[in-house]
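Only one structure is covered here, and it is reproduced in the block below.
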Amino acid sequence: MLGRLPIAKMLAATVAMTAAISAVMLPIGWDGQQASTAAVKIDDLLSVTIVVSAFFFSLVVVMLFYALWKFKAKPGDESDGEPIHGNTRLEVAWTLIPTVIVLFGAGYSWSVLRDIEQPAENPLTVDVFSQQFAWSFGYPGKDNVWSEGELHVPLGRQVHFKMHAQDVIHSFWVPEWRIKKDNVPGITTTAIVTPNRAGVYQLICTELCGFGHATMRAKVVAEPPAEFREWVGGLKEKVPQPLAESIVRDTEANPVPLGAGGA
Amino acid sequence: MAAAIKRPGWIRGALGAVLAAAFGVGLVVALRAASGLPAFQTEQTGYPQVVVPLITGPFGFLAGFGCFDYWLRWAAGMPTIPEDHSQHGAKSWRDYFRFNTDHKVIGIQYIVTTLFFFFIAGLLAMLIRAELSQPGTQFVDAATFNGLFSTHAAIMIFVVVVPIFAGIANYVLPLMIGAPDMAFPRLNALSFWMLPIAGLLFIGSFLAPGGAFGTGWTGYAPLSTGAPLGQSFFNLGVQFAGASSIATALNFLVTIVTMRAPGMNFWRMPLLVWANLSTSMLVIAATPFIAGVQFMVLFDRTLGTNFFQAAGGGDVISYQHIFWFYSHPAVYIMMLPGFGIISEVISTHARKPIFGYRLMALALLGIVVLSYSVWAHHMFVAGMFSWLRVPMMITTLLIAVPTGIKIFSWLGTLFFGKIHTYSTSMLFALAFIVTFTVGGISGVMLGMVPLDIHVSDTYFVVAHIHFVLFGGSVFTIFAGIYHWFPKMTGRMYDEKLGRVHFWGTLVGTWGTFIPMHWIGMNGMPRRVADYAAQFGDWNLLISVFAFVLGAVQLVFLYNMIVSWRFGPRAEANPWRAKTIEWQVSSPPPIFNFDQIPRVVGGPYEFGVPGARHAIMADDGAEVPEPRPTVMGSR
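In order, the protein sequence lines correspond to chains A and B.
The numbers in our numbering rise by one with no breaks, and the one at position 114 of the first sequence is 252.
The numbers in our numbering rise by one with no breaks, and the one at position 230 of the second sequence is 296.
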């Protein structure tokens, strides 16, 4: 049965289509600017995924259109197709090959996850406070100074964000960093980021939190360490009492380090 | 009048609803008075004087309408009214508005009701896209916007996609397995009549003080536990839709296991039957979880419990675990029956046996098993215990394997076939393969934790769910409706209009949902009434395609209504299919079969000389010996 199909040609068409799709899609910076060490790794994973996905998509399209072109019934033809009920080898192949590929995808994802969440020496800890519909930030290493609506971080140093939601769930997302983490009432959640590109970004709330959800944004400034020290030094206010209490009250969601797989 | 009040029907139903609702209000007022509280409570989440009648009222309606008559009489030892089958079949449109235990009537009741809600929720989608066509506020404020997309999603999921499959299967499944009806016809009717109640509760929430529930269909606590009254409408609507779904699943399981015609062993069941068997296994064990979790939210809101209030010792994240333990299997509940439909349509119109029938059936079961172990992939950034992410990622990606088996087997079915594309159902089935592949691919991407961290809760997710639920489920629904329209109505639909509907839907779907992938990856979060100006042009484009997609559904509506009334008469078997439902007249006789058919072979024996699926009683004396199915021979 398979011998009667132009397998080589179909595969060639699939590969050509994969190459064409990849050539168009890979140069596009889908995720936008890269501004953290994680961004490059996540985008590389995305690129690999795009190529593999393009292959499967092309395979489906090529098979479908070949079948439609070759096996379309002539007008008035009322006969049946060939009584082929299956092909064990083919069925085993399209069970096993995708299994291997998705397991490879899982392994690759796992290794990226472990990399981007690997705690570094001497991180900067920043407390993130979220409430309907505003963000504020505390710097426990710097006398607990407090900044409302504006987050500054130094370049090249790992930052551990400790998140504390005051009312409902919010989610902390800076697209250029590729990092997102929910802020959950009652628990402390952690996100790890190493910003590596100076710039002004936006912190976006991505968990529906009420009528002000769409406008719950904050300004994020990633800057060289000297400028960062100057900015933090200029902060006068301390973290207000209720927010400071939430730090103590919240239980740590991940008692073990974030390393993927509980490593 | 007195007779009308005694007889089950709309008058007694309305009376029952009013009396039971009044009883509910009275109960609340009396209990509050006895506790020394003011009669009415109008705090944001409470409103017991509204919540309790929302529970009692629907039961009053169901009782008055006649859903419980037989059982109550039997339980009370009263003489039951013997089933004289006078209620079977539908002679005029009015019969569809009665408590009817005929599976074919119930099937049509389901389909028409769910399509009604499909158009309502579609209208809500149009409003959403109108608001989002430009950055800033167009015509609704943010709170109203939250209500629009939440009700859109809740209606589409709970009263359109989940139950419409139950409706299609209700009609065709008993016919396919050679059964005279479902196993529990009264339960079947009760299941149906709970459904419009759910839909009306969702829509009715717009009338509640504080507006419709605006917490998404996911209703995450504690946003939902503190939300205005509309949220309680959602909590209760889910109960009615869920109970309806569970009862139907039970009914399908018993029907499929016990009522197959002689000779129809499991390996001779059409794949639609396999698909509904699998779906029912999911519904029956998963749906109680969402029912439970919505009760917990309702209790937090009205009874002061603390399931999900961190301040009171509750655990916020446990809501998501319980919710997704249902809601991830729910996406397969909304997909597996569609897989069954596609198998029927493709095999019939390619004139070929399904490629790898047994593996196709096993793939369904594989999805059932795996789908119970993937729920936390919705929670990769939720702050849950971090070690849970990797195992859930692996199981999630593994689901691509049985799904891929299905895609490749459908393609394999086309090869060496005689493919006919004259029917709209086949067009939708073929388009489904490609569109669903895209949805599957984005699903795999979402399953990979590092990618998910970036795109979770963005428009990428919106694109993905619409590719699988619209490009996937709804395409299969259209394929199914066009495929069985002649069987159900006894009329043919207009293929020209069907083609207009198909091409418009295909272009509209891709045009609307493809760009959403990009704007999501590029930084646009989901569920926002307003967004950054940089996404303005894309959103305008999306809205234009969405309006095309919406408008072209009116062609479908017109085609269905006019063809049902005026279409040319359908033959018994216009598609020359092999399964049993096509061997009876269109529409089928009131009791399906004069004599139960005998199944002698597999359901898709196209091109096999002399092979038959079933012997109908009126085929005459010539009845070949049953022989083993040729499925096993390769």
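Quick reminder that beta carbons are idealized off the backbone N, C-alpha and C, glycines included.
Fair warning: this is a prediction, and the values are worked out from it, not measured in the lab.
- Taken atom to atom, the span from the alpha-carbon of residue 216 of chain A to that of residue 208 of chain A is near 16 angstroms.
- Here DSSP, grouped into helix, strand and coil, assigns residue 311 of chain A to strand.
- For residue 362 of chain A, the nearest beta carbon of chain B is not closer than 8 angstroms to its own beta carbon.
- If you draw a straight line from the Cα of residue 488 of chain B to the Cα of residue 549 of chain B, it comes to about 12 angstroms.
- With its beta carbon at least 8 angstroms from every one in chain A, residue 326 of chain B lies outside the interface.
- For residue 288 of chain B, the C-beta contacts it makes with chain A under 7 angstroms involve 306 and 323, in order along the chain.
- Residue 681 of chain B sits in a strand when the DSSP states are folded into three classes.
- Look at residue 558 of chain B here: in three-state DSSP terms it is coil, with no helix or strand label.
- When secondary structure is reduced to three states using DSSP, residue 233 of chain A falls in the helix class.
- By the neighbour-count criterion, in which a residue is buried when 16 or more other Cβ atoms sit within 10 angstroms of its Cβ, residue 320 of chain A is buried.
- Residues of chain A with a Cβ closer than 9 angstroms to the Cβ of residue 168 of chain B do not exist; the shortest Cβ-Cβ separation is about 34 angstroms.
- Taking 8 angstroms as the cut-off, the Cβ atoms of residue 612 of chain B and residue 195 of chain B count as close.
- Taking a Cβ-Cβ threshold of 7 angstroms, the residues of chain B close to residue 254 of chain A are 516, in chain order.
- If the five residues before and after residue 185 of chain A are omitted, its C-beta is found closer than 7 angstroms to the C-beta atoms of 164, all from its own chain and listed in chain order.
- In this structure, residue 349 of chain A lies near residue 212 of chain B, with their beta-carbon atoms less than 8 angstroms apart.
- One Cα belongs to residue 204 of chain B, the other to residue 279 of chain A, and the distance between them is close to 45 angstroms.
- Judged by DSSP secondary structure, residue 629 of chain B falls within the alpha helix (DSSP H) whose first and last residues are 602–632.
- Nearest Cα to residue 183 of chain A within the set A:370, A:235, A:244 and A:161: A:244.
- Closest in C-alpha terms to residue 427 of chain B, from the list B:541, B:462, B:447 and B:471, comes B:471.
- Taking C-beta atoms as the reference points, residue 542 of chain B and residue 498 of chain B count as a pair closer than 8 angstroms.
- Secondary structure of residue 345 of chain B (DSSP, three-state): helix.
- Sequence-distant partners of residue 581 of chain B (beyond 5 residues in either direction) whose C-beta falls short of 7 angstroms from its own C-beta, in its chain, are 604, 607 and 608.
- Within the DSSP bridge table, the entry for residue 269 of chain A names A:272 as partners.
- Taking C-beta atoms as the reference points, residue 506 of chain B and residue 422 of chain B fail to come closer than 8 angstroms.
- DSSP places residue 321 of chain A within a strand segment (E or B) once states are collapsed to three.
- Looking at the backbone, the Cα of residue 467 of chain B and that of residue 236 of chain A are separated by about 6 angstroms.
- Under the three-state reduction of DSSP output, residue 301 of chain A falls in the strand class.
- If you ignore the 5 residues before and after residue 339 of chain A, its C-beta comes within less than 6 angstroms of the C-beta of 312, 314 and 358, all in its own chain and listed in chain order.
- Take the alpha-carbon of residue 473 of chain B and the one of residue 303 of chain B: they are about 35 angstroms apart.
- Note on the region 454–541 of chain B: whole alpha helix (DSSP H) runs with a minimum of 4 residues are 455–464, 466–480, 490–513, 515–521 and 525–534, in chain order.
- Pairing residue 494 of chain B with residue 544 of chain B, the inter-Cα distance amounts to about 7 angstroms.
- In the three-state reduction of the DSSP assignment, residue 342 of chain A falls in the strand class, which pools E and B.
- Of all residues in the region 575–595 of chain B, only 584, 587, 588, 589, 591, 593, 594 and 595 come within less than 7 angstroms of chain A when Cβ atoms are compared, listed by chain position.
- Under the criterion of beta carbons closer than 8 angstroms, residue 614 of chain B and residue 566 of chain B do not qualify as touching, at roughly 12 angstroms.
- Taken in chain order, the complete alpha helix (DSSP H) segments of 4 or more residues contained in the region 144–199 of chain B are 169–198.
- Within the same chain, and ignoring the five residues on either side of residue 539 of chain B in sequence, the residues whose Cβ sits closer than 7 angstroms to its Cβ are 227, 400, 401 and 404.
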